[in-house]
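Colleague: Handing you a structure now.
Put into C-alpha cells, the structure is as follows:
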C-alpha cells in the first residue's frame, strides 16, 4: 500500500559530512557496483562507450562553490542520494503500490515487479533521488543497501550501505535516527545536521553536516610567517656533488 | 518538464472525451438521432485514444491493471478508476438513448459525475506536485475542467455557452501564465535551501555530477525550445478560445467555419498543453 506508515519502528538513514567529503566519487562507483549486481534490475548504461553515454545512478556527487559575504570562497563536494523521507511524496503518488516505505525501518523501496514505469514518483521527489532505468523501464532508487545491512552471509563489518563502507574520507555514516544515542543521532546533534529543502515538507531522515568554518590565514605584513623556517641551513657545500657543481661552473 | 507527445495527446483527448460524457450524461443532446450516435462515438473514441496514449508513456504498460489499486492515496490511480467506471456506466446509457430511445437519467447523472471527476483527477496528477510550483496551483484543475467543457459544449452545438467557456478559459489561461511566471520564485526553494549551504553564502554549481546528461535532466530540466514562448502563448491564446469563441458567436450558421474553429481549438490546446509541460520548472533543476 502506498499509504505512509504513521510511525516506523526504526529510522535508518545516513549522515553525510560535507566538511570531510573530498568528492572522489568512490561512493558513486561502489553504489553502482553493488546495486547493479544484486537487488532488482541492473543499473543500465546506454551507449556506455559511445558519444553520449547515459546511465542510471542512485547516488551522485555535485560540487558547489560557496561565496560568503566576507572571507574566502569554499568548495563543497555534495553527495546526493535518497533521503528516505518520513513524509515521502514519491510513495503516495504511486498508482500501483510499487513504491512503499517500510514500517519496520523506514526504508523507502520500489517493488519492481509492480512498477509500471510511469515516472510520477520521480516527478514528486524534490531531490532527484529516483531515476527510471532506460533498459528495464522501472524506477530505481537507493535501497539503503537493504540487501547488505541485514545480510548474514557477509562479514559483520560489511553490513552497512556500500557507499558508507567504501568512503575513504569517512564522510558517510549509517545508523538509526530513532535512537538518540546512535552514532548518527549524536553526530547530527553535535554538528547541527540539516535537512535539504525543508520547505518541501518531506521530513528527510538523512542529515547533512555543514562544512566547518574555514581558518582565516592572516598575512598582516607581506612576509610569510613560515619563510624563515625554509631558509637554507648549509652555507658551505661538501662532497662529490659539491665538487661536481663547482667544476661544472668553471667550464 | 519534458513535453512528451503521449502525455499531451492523453490530456487533450481524454479531456475532450470526458467533457463530452459529462454533458451527454446530463441530457445535452442534439435533435438528430444519428448525430447523437456520432457524439457517443466521439466521446468513446476521444477518451479511449487518450487513455491508450497514456499507456505509451509507461515503461512497463503490460502491468497497467495494477494502477487501479492505490486510489486511496494516488491521483493517478483515481484517474484510472474514475475513467474506466465512466466508460462502463455510460455504455448502458448510450445504448438506451440510441437503440431503445430511452433515457436512463440516474445512470446519466452518475456517469456525468464520474466524467467530471476523471478530468479533475487528471489535473490533480499535476497540481498535487509541490516540486513543480507552476503546476501546484488551483488554476491547474480549473483550466483542465474549463477546456474539457469548452470542447464538449462546442461539439454538442451549444454555441453561446461554448463561446463563453472558451473565451473565459483563454482569458484565465493568460492569468495562469502571468501568475505561473512568479510561482517558482515565490515557492521558497532555491539553490541555497536545496544544498543547505545558504548559511555560509551564495551557492553556485562548480562541477556537475557527470559530463553527459541523465534521466533527471532529460525528464525534468527541459530547456530547449522555450525561445519562442511568448509568441507561442499569443498564438495559443488566440487559437484555443478567442477566435473559435468569436466564430461561434458570429458565424454559428456556417458549418465549414465551425469545423475550422474546432480545428483551431485543437491546435490551440495542443500548443497550450505543450507549453504546460515545457514551461514547468521542477525544483530538482536547482541542483544543476
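Residue numbers (the working numbering), protein chains in the order written: chain D, 1 to 251; chain H, 1001 to 1288.
Glycine included, every Cβ here is placed at the ideal spot set by N, Cα and C.
Quick caveat, the model's predicted, so the values are computed rather than measured.
Is it a yes or a no for the segment 1271-1287 of chain H touching the segment 1125-1141 of chain H, going by three-plus beta-carbon pairs under 8 Å?
Modeller: Yes, the segment 1271-1287 of chain H touches the segment 1125-1141 of chain H.
Colleague: DSSP state of residue 59/D, grouped into three classes?
Modeller: Strand at residue 59/D.
Colleague: Mind checking if residue 60/D is an interface residue toward chain H, Cβ cutoff 7 Å exclusive?
Modeller: Closer than 7 Å: yes.
Colleague: What does the Cβ neighbour count give for residue 1088/H, buried or exposed, with the cut at 16 atoms within 10 Å?
Modeller: Exposed.
Colleague: So with Cβ pairs under 7 Å, would you call residue 1180/H a contact of chain D?
Modeller: No, no contact with chain D.
Colleague: Assign residue 215/D to buried or exposed, taking buried as 16 or more other Cβ atoms, counted over all protein chains shown, within 10 Å of its Cβ.
Modeller: Exposed: under 16 other Cβ atoms inside 10 Å.
Colleague: Tell me where the alpha helix (DSSP H) around residue 28/D begins and ends.
Modeller: Counting along the chain, the alpha helix (DSSP H) containing residue 28/D begins and ends at 26-37.
Colleague: From this set, 1019/H, 1008/H and 1215/H, which residue's C-alpha is nearest residue 123/D's C-alpha?
Modeller: Residue 1215/H is the option with its Cα nearest to residue 123/D.
Colleague: For a contact meaning CB atoms closer than 7 Å, what does residue 948/H contact in chain D?
Modeller: It is not possible to answer for residue 948/H, since the shown part of chain H is limited to 1001 through 1288.
Colleague: With 16 other CB atoms within 10 Å as the buried threshold, where does residue 86/D fall?
Modeller: Answer is buried; the Cβ neighbour count reaches 16.
Colleague: Contact defined as beta carbons within less than 8 Å: I believe residue 118/D pairs with residue 34/D. What is the distance between those atoms, to the nearest angstrom?
Modeller: So it is not a contact: roughly 27 Å between Cβ atoms.
Colleague: Taking residue 1213/H as the reference, give the member of 116/D, 51/D and 163/D with the closest Cα.
Modeller: When each option's Cα is compared against that of residue 1213/H, the closest is 51/D.
Colleague: I'd like the list of long-range same chain contacts for residue 1140/H, defined as Cβ closer than 7 Å, with 5 residues on each side in sequence excluded.
Modeller: Excluding positions up to five away in sequence, the list reads 1123, 1126 and 1127.
Colleague: Taking 7 Å as the limit between beta carbons, can you name the residues of its chain near residue 1272/H, skipping five residues before and five after?
Modeller: Result list for residue 1272/H: 1173, 1236 and 1240, in chain order.
Colleague: Please list, in chain order, the chain H residues whose beta carbon lies closer than 9 Å to that of residue 215/D.
Modeller: Ordered by position in chain H, no residue passes the 9 Å Cβ test against residue 215/D, which lies about 15 Å from the chain.
Colleague: Of all the CB atoms in chain H, is at least one closer than 7 Å to the CB of residue 85/D?
Modeller: No - not a single Cβ of chain H is within 7 Å of the one on residue 85/D.
Colleague: Taking all protein chains shown into account, decide if residue 231/D is buried (16 or more other Cβ within 10 angstroms of its Cβ) or exposed.
Modeller: Exposed is the call here.
Colleague: Could you please give the first and the last residue of the uninterrupted beta strand (DSSP E) stretch that includes residue 1207/H?
Modeller: 1202-1207 is the extent of the beta strand (DSSP E) around residue 1207/H.
Colleague: So within the segment 1222-1275 of chain H, which uninterrupted alpha helix (DSSP H) runs reach at least 4 residues, ignoring any that extend past its ends?
Modeller: Whole alpha helix (DSSP H) segments, 4+ residues: 1229-1237 and 1243-1250.
Colleague: Against chain D, does residue 1060/H count as a neighbour if the rule is that its beta carbon must be under 7 Å from one of theirs?
Modeller: Yes, residue 1060/H lies at the interface with chain D (some Cβ there is under 7 Å from its Cβ).
Colleague: Using a Cβ-Cβ cut-off of less than 8 Å, list which residues of the segment 150-163 of chain D approach chain H; keep chain order.
Modeller: From the segment 150-163 of chain D, no residue has a Cβ closer than 8 Å to chain H.
Colleague: Quick one: what does DSSP say residue 49/D is sitting in, helix, strand or coil?
Modeller: Three-state DSSP puts residue 49/D in coil, outside helix and strand.
Colleague: Given a cut-off of 7 Å on the beta-carbon distance, is the pair residue 8/D and residue 103/D in contact?
Modeller: In this structure, residue 103/D lies closer than 7 Å to residue 8/D by Cβ.
Colleague: Apart from the five residues on each side of it in sequence, which residues of its chain come closer than 7 Å, Cβ to Cβ, to residue 23/D?
Modeller: Cβ within range, chain order: 61, 63 and 77.
Colleague: Can you find a C-beta in chain D that's less than 7 Å from the C-beta of residue 1102/H?
Modeller: It does not; no Cβ of chain D falls within 7 Å.
Colleague: Return helix, strand or coil for residue 1174/H, following the three-state DSSP convention.
Modeller: Note: residue 1174/H maps to helix in three-state DSSP.
Colleague: Is there contact between the segment 31-47 of chain D and the segment 132-151 of chain D, where contact requires at least three CB pairs shorter than 8 Å?
Modeller: Short answer: they touch.
Colleague: Starting from the C-beta of residue 1037/H, find all residues in its chain whose C-beta is less than 6 Å away, skip the five residues before and the five after it, and write them out in chain order.
Modeller: Once the five neighbours on either side are set aside, the close Cβ partners of residue 1037/H are 1098.
Colleague: Cβ closer than 7 Å: which chain H residues qualify as neighbours of residue 78/D?
Modeller: In chain order: 1195.
Colleague: Is the distance from the Cβ of residue 1119/H to the Cβ of residue 1138/H below 7 Å?
Modeller: No. Outside cutoff.
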